[in-house]
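Counting from 1, one number per residue, gives the positions in the sequence shown under this note's numbering. Even for Gly, the Cβ is constructed at its ideal location relative to N, Cα and C. Comments concern the structure below.
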Amino acid sequence: MNHNLTSLHPYPFAKMATLLADSTPAHSYDEIKLGIGEPKHAPPAFVLDVLRENLDKISHYPTTNGLFELRQTIAHWLEKRFFLNHLNPNTQVLPVMGTREAIFSIVQAVINHETEIVSQTATLNQSPTPTPIVVMPNPFYQIYEGAAILAQATPYFIPCTSDNSFKGDFRSVPKDVWTRTQLLFVCSPNNPTGSVMTMDDWEQVLRLSDQYGFIIASDECYSELYFDKAPIGLLQACAALGRHDFKNCLVFHSLSKRSNLPGLRSGFVAGDAAILQAYLQYRTYQGCAMPIPHQLASIAAWEDEKHVAHNRALYQEKFALWMSELGELLELRMPEAGFYFWIKAPEQFGGNDERFVKALYEDANIHALAGRYLSREVNGENPGQGYVRIALVASVEESREAIKRIRQLLGA
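So this is what it looks like as structure tokens:
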């Protein structure tokens, strides 16, 4: 077995299961799930219709780079959404089976240990070179770390705390770390903090990428769940700076959150054509191509914005409700985008995130996620400790019930 598997942390939901193993939920209440970021709004009916109408195409193998019509639709969507002049659907767009697998596999494809296979029978030339580094926010989407570990790279965590508006302070990263960095993960809008990269932030990471030569992998899966102004994406920042080749820049997008289609497993990677050409070769061997019915359904989803606007309106209604009813009690901070509240654990629970989520489960039958499980302790500090992630994925009616129970729990 791959010895690096032993270095992987249990997934956050496995840690939650361990925490609650000896707990009994409040059976007088129906269960309300606010722990997992799985959209509960109805998927677009017209997308499901397209899926059903094309089930017969399941008899055909899909190509690794997907249908041209899908790539073209994605390119047009990116051009319109992020104000791009032109995106080549043949070289700068690659459909993937959901961004989770793409975020994992891109690390395997790009990390270079500077070893070469001289011949089929020769041994590896293992020169003593420093271990590559993958830089990522902390807290973070857990796939970033797992992908780095299994690519035999070293994760480096940038804390995202209230001191910097819950965004990573790239200036805090030492030069010797940037020198070894081969890939930087950016998550904007951020999961779980809801922070968004500004144009100044993008300019900063682009300058660092130019200086040190690392790839920027921008996870933008929550980009369409905003409240007022649409978040600036990496490719948009590149275009504004005249960097139309998107050198060393990749963005990851998905239909899971945007269109309430998490089970469709449909997303894409776009950006630097040279990287995508090599990544396509990698994926040809990895064997992970989206089924044709899924691709055709994806075209329908990317072509429509009405259902996305309706989706945003539903989240806006729920956020407004929570802010109105629990804003002061829980010191709620409105995120810039996304569908998470990043809540400080109340003082009556000692500011302890594990105690708070356990009380939510035992006394209110509400599932939430302890923040410490989404982050790592570095130099004695865990930026997720003392915070709880609540996903506003339940219906408005369930949200009202959850608010009622939480108010009772807090003695309001």
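Next on the checklist: Which of the three DSSP states is assigned to Lys175 in this structure?
Outcome noted: Three-state result, Lys175: helix.
Item to check | Boundaries of the beta strand (DSSP E) in which Arg417 is found, first to last residue | outcome: Beyond the ends of the chain as shown, which are 1 and 412, falls residue 417; an answer cannot be given.
Next on the checklist: Quick check on the DSSP output: what are the complete alpha helix (DSSP H) runs of length 4 or more inside the region 244-307, in order along the chain?
Outcome noted: Correct list: 255-258, 273-286, 292-302.
Next on the checklist: Under 8 Å: do the region 220-237 and the region 355-373 share three or more Cβ pairs, one atom per stretch?
Outcome noted: Judged by Cβ distances under 8 Å, the region 220-237 makes no contact with the region 355-373, as fewer than three pairs qualify.
Item to check | beta strand (DSSP E) segment containing Met97, residue limits | outcome: The continuous stretches of beta strand (DSSP E) do not include Met97, and DSSP gives it neither H nor E.
Item to check | First and last residue of the uninterrupted alpha helix (DSSP H) at Ala26 | outcome: No alpha helix (DSSP H) holds Ala26; DSSP gives it neither H nor E.
Item to check | Exposure label - Leu94; buried when at least 16 CB within 10 Å | outcome: With 16 or more Cβ atoms within 10 Å of its Cβ, Leu94 is classed as buried.
Checklist entry - With 16 as the cutoff for other CB atoms within 10 Å, does Asp200 come out buried or exposed? => result Exposed: under 16 other Cβ atoms inside 10 Å.
Next on the checklist: Once the 5 residues before and after His307 are set aside, which same chain residues still bring their CB inside 7 Å of it?
Outcome noted: Excluding positions up to five away in sequence, the list reads Pro44, Ser259.
Next on the checklist: My output table needs one value for His367: the three-state DSSP class, helix, strand or coil.
Outcome noted: His367 falls in the strand class under three-state DSSP.
Item to check | 8 Å contact criterion, which Val205 and Val177 should meet: CB distance rounded | outcome: The Cβ separation is near 14 Å, so there is no contact.
Checklist entry - So, is Ser195 buried or exposed, given that buried needs 16 or more other C-beta atoms within 10 angstroms? => result Buried, by the Cβ-count rule.
Next on the checklist: For Pro174, count the other beta carbons within 10 Å of its own beta carbon; 16 or more makes it buried, fewer makes it exposed. Which is it?
Outcome noted: Exposed is the call here.
Checklist entry - Rounded C-beta distance between Asn289 and Thr64? I'm assuming under 8 Å. => result Going by the sequence as given, residue 289 is Ala instead of Asn. For Ala289 against Thr64, the beta-carbon gap comes to about 5 Å, under 8 Å, which counts as contact.
Item to check | Per-residue DSSP class, three states only, for Thr121 | outcome: Low per-residue confidence applies at Thr121: pLDDT is 36, beneath 50, and the placement is therefore not dependable enough to give any value.
Item to check | Where the beta strand (DSSP E) through Ile403 begins and ends | outcome: No beta strand (DSSP E) contains Ile403, which is instead part of the alpha helix (DSSP H) from 396-409.
Item to check | Option nearest Gly271 by Cα separation, candidates Pro262, Asn112, Asn248 | outcome: A check of alpha carbon separations from Gly271 across Pro262, Asn112, Asn248 identifies Asn248 as the nearest.
Checklist entry - So what's Asp200 in DSSP terms, helix, strand or just coil? => result Here Asp200 carries a helix assignment [DSSP, helix/strand/coil].
Item to check | Segments assigned alpha helix (DSSP H), at least 4 residues, entirely inside the region 309-383 | outcome: Within the region 309-383, the complete alpha helix (DSSP H) runs of at least 4 residues are 353-364.
Next on the checklist: Could you give the first and the last residue of the continuous beta strand (DSSP E) run that contains Thr181?
Outcome noted: Going by DSSP, Thr181 is part of the beta strand (DSSP E) stretching over 181-187.
Next on the checklist: On a Cα-Cα basis, can you pick out the residue from Ser218, Tyr282, Ala153, Tyr141 that is closest to Pro12?
Outcome noted: Checked all of Ser218, Tyr282, Ala153, Tyr141; the closest Cα to Pro12 is Tyr141.
Item to check | Thr161 versus Pro192, Pro132, Asp210, residue with shortest Cα-Cα distance | outcome: Among Pro192, Pro132, Asp210, the Cα nearest to that of Thr161 belongs to Pro192.
Item to check | Presumed contact (8 Å Cβ cut-off) between Ile58 and Pro383, rounded CB distance | outcome: Their Cβ separation, rounded to whole angstroms, is 45 Å, which puts Ile58 and Pro383 out of contact at 8 Å.
Checklist entry - DSSP three-state call for Ser165: helix, strand or coil? => result Judged by DSSP in its simplified three-state form, Ser165 adopts coil rather than helix or strand.
Checklist entry - How big is the Cα-Cα spacing for Asp49 and Leu87? => result So the two alpha carbons sit approximately 29 Å from each other.
Checklist entry - Does the pairing of the region 392-402 with the region 372-380 give three or more beta-carbon distances under 8 Å? => result The region 392-402 vs the region 372-380: no contact.
Checklist entry - Can the beta-carbon of Phe414 be found less than 8 Å from the beta-carbon of Ile103? => result Outside the modelled stretch of the chain, which goes from 1 to 412, sits residue 414, for which no answer is possible.
Checklist entry - Is the CB-CB distance between Ala217 and Leu184 below 8 Å? => result Between Ala217 and Leu184, the CB-CB gap stays under 8 Å.
Checklist entry - Would you call the region 68-88 and the region 396-406 touching, i.e. three or more CB-CB distances under 8 Å? => result Contact fails: fewer than three Cβ-Cβ distances are below 8 Å.
Next on the checklist: Can you tell me whether Asp228 is helix, strand or coil according to DSSP?
Outcome noted: Shown here, Asp228 sits in coil according to DSSP, grouped into three states, outside any helix or strand.
Item to check | Nonlocal neighbours in the same chain, by C-beta distance under 8 Å from Trp322, ignoring five residues either side | outcome: Leu332, Phe341, Leu392, Ser399, Ile403.
Checklist entry - What whole-angstrom Cβ distance do Ala278 and Ala109 have, given they're in contact under 8 Å? => result Yes, Ala278 and Ala109 are in contact; Cβ-Cβ is about 7 Å, under 8 Å.
Next on the checklist: Rounded to the nearest angstrom, what separates Trp302 and Tyr282 at their Cα positions?
Outcome noted: Straight-line Cα distance between these residues: approximately 26 Å.
Checklist entry - Opposite Phe157 in the DSSP bridges: which residues? => result By DSSP's assignment, Phe157 forms a beta bridge with Met136.
Item to check | Own chain, CB closer than 7 Å to Pro346, minus 5 neighbours either side, in chain order | outcome: Within the same chain, Pro346 has close Cβ partners Leu330, Phe356, Leu410.
Item to check | 8 Å CB neighbourhood of Ser165 in its chain, flanking five on each side removed | outcome: Ser195.
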